[in-house]
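Undergrad: Residue numbers (our numbering): 169 to 595. Please find one structure pasted underneath; my questions will follow.
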Ligand SMILES: [Zn+2]
């Protein structure tokens, strides 16, 4: 099968005008110009007969987008909570999730979220499920996924300890599209030894791990040893579970919990010091920044500019629909390109001046190749390269681009003309 489009955007090499992508058995075998003059031809590949060619006309063909941080089981809470500071939202979310029929409601909304993702050009998600209910639902949807089993030690349902985490993982059935992931929730909900056990389990299984980290000032204050800063019910549960940051800085505490383990992916990392950004860079963790959720909670300016300068890889994620308007990752990147440069609560001119401007190519990398790296799938997806899965998205923009298809794609409204996962059409 050969996909031909007015523009092929491999991400890890320059866009190809009138390009084509050859696919066999679900994998990319060649990426080149239709005329064959440029691109990356694979040895022995040849243009097939006319029936084998899908001509997508004036479309921009990109790798399928990768959303490394979401909670699809919260799709059912879309629009139920207004923008608010994190902790009042969190209290409300706990209340909503405590209802008698919440398990069935959440289970029923996973596939809905996955299909919303696919229809917006997202072909892979890093999905966190609190009660490990999402993976059987996602298994039935032809989207690529890393299903993260979540360890939350202060919860009233499993997995609440390393043994329960291990049995949750044992239940999960991987396939070509489903990879197991592990996530200790956050430093204020899981004790250090259990965070360590979780990342060691991920290392033992050679699977990715992620965690919510440095999301709020209160979390950092708690880790640093202050009390009376979190929601009272959480602080009480944390004390009962023996959770104690030991008076450390947030990144020192992370290192304390994960020393020796492979690097992971950290959701948010909204509040870090310059020294901690250097620590992040040295350790090789990927940061998963969720710009629209960030604005929803009214956080101060995200240190993404400083992270970029320090060489910290930053991917974009949507988080869940309980704190975002859509699961469309392109809109997340467009938001960062426009509103993101004037972040909420940052009134000082210094903050404004420090706001980064991102090239369209850089934004696209954050929702493809860097996002794939967050899921440790960057050798499999995230760019159009020989040997990777043929996870593709074809977009049509109002004015077909003359020269810079990536700027057009990020700069104007687009419609999704088709989506393929492992070479099979799904949208
Ligand atoms: Zn999250």
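Glycine is no exception: its CB is placed at the ideal position from the N, C-alpha and C atoms.
Between which residues of its own chain and residue 277 is the CB-CB distance below 6 Å, once the five residues before and five after are set aside?
TA: Same-chain partners within the cutoff: 243, 244.
Undergrad: Check residue 138 in the structure and name its three-state DSSP category.
TA: No statement about residue 138 is possible, as the shown extent of the chain runs from 169 to 595 and does not include it.
Undergrad: Around ligand 1, what residues have a beta-carbon under 6 Å from a heavy atom of it, in chain order?
TA: Per the Cβ criterion, the list is 237, 239, 380, 435, 487.
Undergrad: Report the partner residues of residue 223 according to the DSSP bridge assignment.
TA: BP columns for residue 223 point to 172.
Undergrad: To the nearest angstrom, how far is it from the Cα of residue 468 to the Cα of residue 438?
TA: Distance between the alpha carbons of residue 468 and residue 438 is about 8 Å.
Undergrad: Look at the alpha carbon of residue 572 and the alpha carbon of residue 435, and state the distance between them as a whole number of angstroms.
TA: Residue 572 and residue 435: Cα-Cα distance of roughly 31 Å.
Undergrad: Report the partner residues of residue 381 according to the DSSP bridge assignment.
TA: 436.
Undergrad: Please name the residue in 531, 328, 581, 595 whose C-alpha comes closest to that of residue 180.
TA: Of the listed residues, the one whose Cα sits closest to residue 180 is 531.
Undergrad: Quick check: what's the CA-CA separation for residue 408 versus residue 377?
TA: Distance between the alpha carbons of residue 408 and residue 377: 26 Å.
Undergrad: Check each candidate in 365, 194, 578, 228 and name the one with the smallest Cα separation from residue 344.
TA: Among 365, 194, 578, 228, the Cα nearest to that of residue 344 belongs to 194.
Undergrad: Please confirm whether residue 416 has its beta-carbon closer than 8 Å to some beta-carbon of chain C.
TA: Absence of chain C from the displayed structure is noted, only one protein chain being present.
Undergrad: Compare the Cα-Cα distances from residue 496 to each of 444, 584, 449 and report the closest residue.
TA: That would be 584, whose Cα lies nearest to the Cα of residue 496.
Undergrad: In whole angstroms, what separates the C-alpha of residue 262 from that of residue 477?
TA: Straight-line Cα distance between these residues: approximately 37 Å.
Undergrad: For ligand 3, any of its heavy atoms closer than 7 Å to the Cβ of residue 586?
TA: Of the ligands one can find in the structure shown, namely ligand 1, none is ligand 3.
Undergrad: Taking the alpha helix (DSSP H) that residue 426 falls in, what are its first and last residues?
TA: Residues 418-426.
Undergrad: Using the C-alpha atoms, what's the distance from residue 568 back to residue 374?
TA: So the alpha carbons of these two residues sit roughly 43 Å apart.
Undergrad: In terms of residues, what are the limits of the beta strand (DSSP E) holding residue 549?
TA: No beta strand (DSSP E) holds residue 549; DSSP gives it neither H nor E.
Undergrad: Note the first and the last residue of the continuous alpha helix (DSSP H) segment covering residue 338.
TA: Counting along the chain, the alpha helix (DSSP H) containing residue 338 begins and ends at 330-339.
Undergrad: Hey, out of 240, 264, 332, whose CA is closest to residue 296's CA?
TA: Selected option, being the one with the closest Cα: 240.
Undergrad: Going along the chain, which unbroken runs of the alpha helix (DSSP H) with 4 or more residues stay wholly within the stretch 243-280?
TA: Entirely contained in the stretch 243-280, the alpha helix (DSSP H) runs reaching 4 residues are, in chain order, 254-265.
Undergrad: Nearest-angstrom Cα distance between residue 318 and residue 186?
TA: Their backbone Cα atoms lie some 44 Å apart in a straight line.
Undergrad: Could you pull the start and end residues of the alpha helix (DSSP H) that residue 127 belongs to?
TA: The requested residue 127 is not part of the displayed model; the chain covers only 169 to 595.
Undergrad: Report yes or no: do the stretch 455-464 and the stretch 477-494 share at least 3 C-beta pairs separated by less than 8 Å?
TA: Contact holds: three or more Cβ-Cβ distances are below 8 Å.
Undergrad: Hey, quick one: how far does the beta strand (DSSP E) through residue 445 stretch, first residue to last?
TA: That residue, residue 445, is in no beta strand (DSSP E); its alpha helix (DSSP H) goes 442-451.
Undergrad: Can the beta-carbon of residue 316 be found less than 8 Å from the beta-carbon of residue 350?
TA: Cβ atoms of residue 316 and residue 350: closer than 8 Å.
Undergrad: Between the alpha carbons of residue 473 and residue 433, how many angstroms are there, rounded?
TA: Going by the C-alpha atoms only, they are around 18 Å apart.
Undergrad: Could you give the distance in angstroms between the alpha-carbon of residue 465 and the alpha-carbon of residue 196?
TA: Near 40 Å, if we compare the C-alpha coordinates of residue 196 and residue 465.
Undergrad: Counting only the same chain and skipping the five closest in sequence on each side, list residues whose C-beta sits under 6 Å from that of residue 539.
TA: Cβ neighbours of residue 539 beyond the five flanking positions: 234, 236, 483.
Undergrad: Please report the distance separating the alpha-carbon of residue 322 from that of residue 354.
TA: The alpha-carbon atoms of residue 322 and residue 354 are separated by roughly 11 Å.
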